[in-house]
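See structure below.
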Amino acid sequence: MIHQIIFLYFATVILVSALLMITRRNPIHSVLFMLLLFFHIAGLFVLLNAEFLAAVQLIVYAGAILILYLFVVMLLNVDQERQSVRANRFWPWVAAFGVLIAGEILLLISRSTFPGDAGKTMATPGAGVMELGQALYTQYLVPFEIASVILLVGLIGAVMLAKKAVKE
Amino acid sequence: MIPLSWYIMLSAALFTIGVVGVLSRRNIFIILMSIELMLNAANINLVAFSHYLQSLTGQIFTIFVITVAAAEAAVALAIIILLSRNRGSVYADEFNILKG
Numbered sequence: 306m307i308h309q310i311i312f313l314y315f316a317t318v319i320l321v322s323a324l325l326m327i328t329r330r331n332p333i334h335s336v337l338f339m340l341l342l343f344f345h346i347a348g349l350f351v352l353l354n355a356e357f358l359a360a361v362q363l364i365v366y367a368g369a370i371l372i373l374y375l376f377v378v379m380l381l382n383v384d385q386e387r388q389s390v391r392a393n394r395f396w397p398w399v400a401a402f403g404v405l406i407a408g409e410i411l412l413l414i415s416r417s418t419f420p421g422d423a424g425k426t427m428a429t430p431g432a433g434v435m436e437l438g439q440a441l442y443t444q445y446l447v448p449f450e451i452a453s454v455i456l457l458v459g460l461i462g463a464v465m466l467a468k469k470a471v472k473e
Numbered sequence: 004m005i006p007l008s009w010y011i012m013l014s015a016a017l018f019t020i021g022v023v024g025v026l027s028r029r030n031i032f033i034i035l036m037s038i039e040l041m042l043n044a045a046n047i048n049l050v051a052f053s054h055y056l057q058s059l060t061g062q063i064f065t066i067f068v069i070t071v072a073a074a075e076a077a078v079a080l081a082i083i084i085l086l087s088r089n090r091g092s093v094y095a096d097e098f099n100i101l102k103g
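Below, the structure written as structure tokens:
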């Protein structure tokens, strides 16, 4: 019972802050609502017995990616946003489309049964950080190495794109 | 205990909000953050299934999703800086230089 109340709290805050995030006029407000959303998603991960991922969510998403967004929003001029229109001219159609798709997915989910509905908890307490590391370095070694190459490409690409052209 | 379908419903709703944000907003920052929103919805799904199926694969894939999201955010923000330096705008509907 207490789990369900906690879940409903997290879900409500996540949905409300997501809606506020896509509707705010000032991008900085959007970034702050995104921060709230990431914190509550980390709470959901704790509820799902994935404490390591909750920490990763807070450190990488809230601590690194979002701060990068905040830096770039503050570097560029966002004052013009206050006067201009927020959404493009199709937004009522897009919103109706979104409601339609969400209703369809919710209808499908409510009519189907899931095998894990008994609600077992993970056998290993503490989300099995050791098991996670072992799986990451043995079974998923090749995707792990590819992810490191992707990070390297992202690093070099960001530096190459954003640097000013050097005069000869 | 919480049924698995609650997590999937939450993730579906979050994903739909992300889609609406990508399709309707003009500001590139909000569009990119909506993409992050969709990635987070997928993460919730993966972790929920990993919990209910007693398998760590979902958590491992969540780690990969977070890695790719970090790389994507870095490159995309560099592209935004370049765009606003060259075109003087951060609005997606003003980048119509390829339009015939």
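These protein sequences, in sequence, are chains W and Y. Residue 411 in my numbering sits at position 106 of the first sequence; the count goes up by one each step and never skips. Residue 21 in my numbering sits at position 18 of the second sequence; the count goes up by one each step and never skips. Quick reminder that beta carbons are idealized off the backbone N, C-alpha and C, glycines included. Remember, predicted model here, so these are calculated numbers, not experimental data.
Do we get a CB-CB distance below 8 Å when we pair residue i with the residues of chain W?
{"i": "N43(Y)", "result": "yes"}
{"i": "R90(Y)", "result": "no"}
{"i": "L80(Y)", "result": "yes"}
{"i": "F104(Y)", "result": "Residue 104(Y) falls outside the range modelled here, since chain Y spans only 4 to 103, and no answer is possible."}
Anything in chain Y within Cβ reach of residue i, meaning under 8 Å, just list it in chain order.
{"i": "S335(W)", "result": "F32, I33 and M36"}
{"i": "V471(W)", "result": "None at all; the shortest Cβ gap to chain Y is about 15 Å."}
{"i": "A400(W)", "result": "V23 and S27"}
{"i": "L324(W)", "result": "I20"}
{"i": "F395(W)", "result": "L26 and S27"}
Where does residue i land, buried or exposed, given buried means 16+ other C-beta within 10 angstroms?
{"i": "Q444(W)", "result": "exposed"}
{"i": "V390(W)", "result": "exposed"}
{"i": "V471(W)", "result": "exposed"}
{"i": "L85(Y)", "result": "exposed"}
{"i": "M465(W)", "result": "exposed"}
Based on the DSSP secondary-structure assignment, which residues constitute the bridge partners of residue i?
{"i": "A392(W)", "result": "R28(Y)"}
{"i": "Y94(Y)", "result": "N30(Y)"}
Please determine whether the Cβ atom of residue i lies at a distance below 7 Å from any heavy atom of the ligand GDP.
{"i": "L411(W)", "result": "As far as ligands go, the structure on display features none, and thus does not contain the ligand GDP."}
Would you mind telling me which residues of chain W sit closer than 7 Å to residue i, beta carbon to beta carbon, in chain order?
{"i": "L85(Y)", "result": "L466 and A467"}
If the cut is a Cβ gap below 7 Å, which residues of chain Y does residue i touch?
{"i": "L349(W)", "result": "I47"}
{"i": "M379(W)", "result": "Correct list: empty, because the minimum Cβ distance to chain Y is about 11 Å."}
List, in order along the chain, the chain W residues whose C-beta lies closer than 9 Å to that of residue i?
{"i": "L13(Y)", "result": "F312, F315, A316, I319, L320 and L349"}
{"i": "N101(Y)", "result": "Rather than Asn, the amino acid found at residue 101(Y) in this sequence is Leu. Residues of chain W passing the Cβ test: none, with the nearest at roughly 17 Å."}
Quick check: is the beta carbon of residue i nearer than 8 Å to any beta carbon in chain Y?
{"i": "E436(W)", "result": "yes"}
{"i": "H541(W)", "result": "Not covered by the structure: residue 541(W). The range shown for chain W is 306 to 473."}
{"i": "G368(W)", "result": "no"}
{"i": "Y442(W)", "result": "no"}
{"i": "F419(W)", "result": "yes"}
{"i": "I372(W)", "result": "no"}
{"i": "A392(W)", "result": "yes"}
{"i": "L446(W)", "result": "no"}
Quick check: the region 330-339 of chain W against the region 351-360 of chain W, are there 3 or more CB pairs under 8 Å?
-> Flag = no, the region 330-339 of chain W and the region 351-360 of chain W do not touch.
Within the chosen definition, does the region 12-32 of chain Y reach the region 442-450 of chain W through at least 3 CB pairs nearer than 8 Å?
-> The region 12-32 of chain Y vs the region 442-450 of chain W: no contact.
Between the region 395-403 of chain W and the region 22-34 of chain Y, are three or more C-beta pairs nearer than 8 Å?
-> Yes, the region 395-403 of chain W is in contact with the region 22-34 of chain Y.
Given 8 Å as the limit, is there contact between the region 352-372 of chain W and the region 54-69 of chain Y, that is, 3 or more CB pairs closer than that?
-> Cβ pair count under 8 Å is three or more, so yes.
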